[in-house]
Amino acid sequence: MTQSTYVFTPEPIPTMPVAGTDALFPVHRIYCVGRNFADHAIEMGHDPNKEPPFFFQKNPDTLVPPGSDFPYPSESRDVHHEVELIVALGKGGIDIPVESALDHVFGYAVGLDMTRRDLQAEAKKAGRPWETAKAFEASAPCGILHPVSEVGHPAAGAIWLEVNGELRQNGDLNQMLWKVPEMIASLSRLFELKAGDLIFSGTPAGVGAVVTGDEMVGHVDGVDTITVRVA
Ligand code: MN
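With the working numbering, letter number 80 in the sequence shown gets 80, and the count goes up by one each step, no holes.
Next comes the structure, spelled out in structure tokens:
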């Protein structure tokens with residue numbers, strides 16, 4: 001039997017650069033955690049005691065590689081920044097126990113869950129899905145991936161974002177409602193996780209709008225600092 005070919009050339013596999021090597025991390029899926037910081041849940045009008053965190057997805061090809069601009073998207077007049085710790089899986093599985101969940105992590109990066117807040121508000125009101133608000137082109141700017149061997153498993157430390165030098169978001173990883181092992185265990189009961197999956201682990205309070213020309217600087221203690229310009 002001859003090997004099958006494609007009827008057209010497939011799109012390239014999305015990747016992230018990895019600190020300390022020229023080899024790339026091939027991205028499979030992007031999962032995101034919603035309302036994982038109580039103060040952000042409250043600023044969005046929700047009660048963190050009544051509404052636990054939940055998951056949604058972005059398309060893997062929405063990643064913006066480090067050093068590239070974030071192009072202001074179409075069909076929105078209220079695009080918000082959300083700085084997040086990205087958890088990158090090096091090993092997949094189903095029904096992963098909390099106790100061994102961290103063994104599945106390859107490394108960590110800083111990322112931005114860019115959001116068309118006006119479209120999200122309309123979707124919430126109408127009970128519609130969030131893809132147009134969350135999974136649009138270039139909606140996931142990210143930094144370099146740092147392997148666990150370099151940064152360990154950050155569970156506490158500042159997570160912040162500045163716009164044009166002004167502090168907008170400021171929190172601590174220890175404020176996460178679901179910790180990284182719980183996110184992985186919980187996701188693995190809903191989906192079959194694979195090596196190459198990314199988890200955007202939620203954002204602290206202070207989300208807000210950006211405009212063309214803004215410079216966003218996102219930081220997670222012990223991981224990285226990223227700079228992304230709105231173009
Ligand atoms: Mn988010």
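Glycine included, every Cβ here is placed at the ideal spot set by N, Cα and C.
Computed from a prediction, not measured in an experiment: that's the story for all the values here.
The stretch 5-14 makes no contact with the stretch 35-45, as fewer than three CB pairs between them are under 8 angstroms.
Beta-bridge annotation (DSSP): G93 is paired with L193. The straight-line gap separating the alpha-carbon atoms of E150 and G143 is approximately 15 angstroms. Taking a 10 Å sphere around the C-beta of P141, we find 16 or more other C-beta atoms and assign the residue as buried. Taking 8 angstroms as the upper bound for CB-CB distance, D214 and N164 are in contact here, some 6 angstroms apart. In this structure, G93 lies away from V105, with their beta-carbon atoms at least 8 angstroms apart. With fewer than 16 other CB atoms across the displayed protein chains lying within 10 angstroms of its CB, G20 is exposed. By the neighbour-count definition (other C-beta atoms within 10 Å, threshold 16), V211 is an exposed residue. Taking 7 angstroms as the cut-off, the C-beta of C32 counts as close to a heavy atom of the ligand MN.
Below 8 angstroms, enough C-beta pairs join the stretch 25-37 and the stretch 171-191 to call them touching: three or more.
Here Q169 is bridged, per DSSP, to L161.
In the three-state DSSP reduction, K58 falls in the strand class (E or B). In this structure the stretch 119-139 does not lie against the stretch 159-179, because fewer than three pairs of beta carbons, one per stretch, are closer than 8 angstroms.
In the structure shown, T225 adopts extended strand secondary structure according to DSSP, grouped into three states. Its chain contains L24, F25, P26, V27 as the residues whose beta carbon lies nearer than 7 angstroms to that of T15, once the 5 sequence neighbours on both sides are disregarded; these appear in chain order. Setting aside the 5 residues that flank it on each side, I96 is surrounded in the same chain by H104, I184, A185, S188, L193, each with a C-beta closer than 8 angstroms to its C-beta; the list follows chain order. Pairwise C-beta distances place the stretch 54-68 in contact with the stretch 128-135, as three or more of them are shorter than 8 angstroms.
Taking C-beta separations shorter than 6 angstroms and ignoring five residues to either side along the sequence, the partners of A205 in its chain run D39, H40, E43, following chain order. The shortest CA-to-CA distance from D172 to any of P48, T203, H46 is the one to T203. Around D78, the same chain offers R117, D118, A209 as residues with beta carbons nearer than 6 angstroms, after the five sequence neighbours per side are excluded. In the assembly as shown, R128 is an exposed residue. Its beta-carbon has fewer than 16 other beta-carbons within 10 Å.
Residue range 117-126 is occupied by the alpha helix (DSSP H) that includes E122. The C-alpha of A101 lies about 16 angstroms from the C-alpha of L177.
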